[in-house]
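If you want the working numbering, it's the 1-based position in the sequence shown plus 49.
Note that the Cβ used here is the ideal one computed from N, Cα and C, for glycine as well.
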Amino acid sequence: MNTELPLDVIEAVHANQKQTAIKRLCEQQNLGLQEAQEIIELYSAQHPELAANQDSTQLSGTGYWLVIDIVIVMLGYGIYVFFKN
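Right, dumping it as structure tokens:
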């Protein structure tokens, strides 16, 4: 088995697209799904900076929905005040 991952597989892992990375690894190195998944998980474990990238992605998504919620509440309050008078 080749211990080096193809560049497009590494790019998929760094883009937090593990399913794509596993699929590409299976196709390019004729591996089974379980074996490819173990290799991708091992690569991720050996590169802890990937976990930091995933956390920041999740936080930015949470921030987006928080802003949307605040805007909806403000609009609702504005409509309430407008029709109250």
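Check, Outcome
"Nearest residue (CA-CA) to ALA64, options GLN86, LEU99, ASP118 and TYR92", "LEU99"
"Continuous alpha helix (DSSP H) stretch holding LEU54: start and end", "Neither: LEU54 is in no alpha helix (DSSP H) and is coded neither H nor E."
"Straight-line gap, GLY77 to LEU56 (C-alpha atoms, nearest Å)", "A small fix is needed here, since residue 77 is Gln in this sequence, not Gly. Each residue's alpha carbon lies about 11 angstroms from the other."
"Under 8 angstroms between C-beta atoms of LEU74 and ILE88", "yes"
"Other residues of its chain near ILE71: CB distance less than 8 angstroms, five sequence neighbours each side excluded", "LEU82, ALA85, GLN86 and ILE89"
"DSSP-derived helix/strand/coil call for GLY81", "coil"
"ALA70, DSSP secondary structure in three states", "helix"
"Buried or exposed (CB count within 10 angstroms, at least 16 for buried), LEU54", "buried"
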